[in-house]
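Residue numbers (this note's numbering): 7 to 91.
Report on the following structure.
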Ligand code: HEM
């Protein structure tokens, strides 16, 4: 999935938006403000089999895993409420 457009458009496609392909009934959102455990983006960049299996691949697909400082920065932003700033 490629997110493009202005920052506001990207934000609107990510934050508090249900994923296209994630286990249903578990409360996943692409980014769940303040809630790492339900933020699908974190699951997708930290697990080889996001959601167990059948929900696509680890991201970035076909590229090296994100480094820990990047995951930490993303996590901190989500934990702080995923503010639009
Ligand atoms: C080489 C770069 C990338 C490619 C080619 C790529 C490609 C894809 C593809 C084909 C999917 C749909 C299949 C699936 O869910 O596994 C997907 C989903 C997704 N990607 Fe990536 N991706 C890349 C990088 C990233 C990065 C850097 C992130 C996050 C920082 C990311 C986050 C996601 C998320 C959260 C989904 C699930 C979207 C949803 O189901 O609503 N991807 N990506």
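Heads up, the beta-carbon is just placed ideally off N, CA and C, and yes, glycines get one too.
Measuring only from the beta carbon, is residue i closer than 7 Å to any heavy atom that is part of ligand 1?
| i | result |
| --- | --- |
| residue 14 | no |
| residue 27 | yes |
| residue 51 | yes |
| residue 43 | no |
Determine the DSSP secondary structure at residue i, reduced to helix, strand or coil.
| i | result |
| --- | --- |
| residue 23 | coil |
| residue 89 | coil |
| residue 72 | coil |
| residue 59 | coil |
| residue 45 | strand |
Is the Cβ-Cβ distance between residue i and residue j less than 8 Å?
| i | j | result |
| --- | --- | --- |
| residue 29 | residue 58 | yes |
| residue 36 | residue 47 | yes |
Distance check for residue j and residue i, CA to CA, integer angstroms please.
| i | j | result |
| --- | --- | --- |
| residue 78 | residue 12 | 24 Å |
| residue 81 | residue 88 | 9 Å |
| residue 39 | residue 49 | 14 Å |
| residue 9 | residue 22 | 15 Å |
Relative to the alpha-carbon of residue i, which residue among the options has its alpha-carbon at the smallest distance?
| i | options | result |
| --- | --- | --- |
| residue 68 | 54, 76, 18 and 15 | 54 |
| residue 45 | 51, 34 and 9 | 34 |
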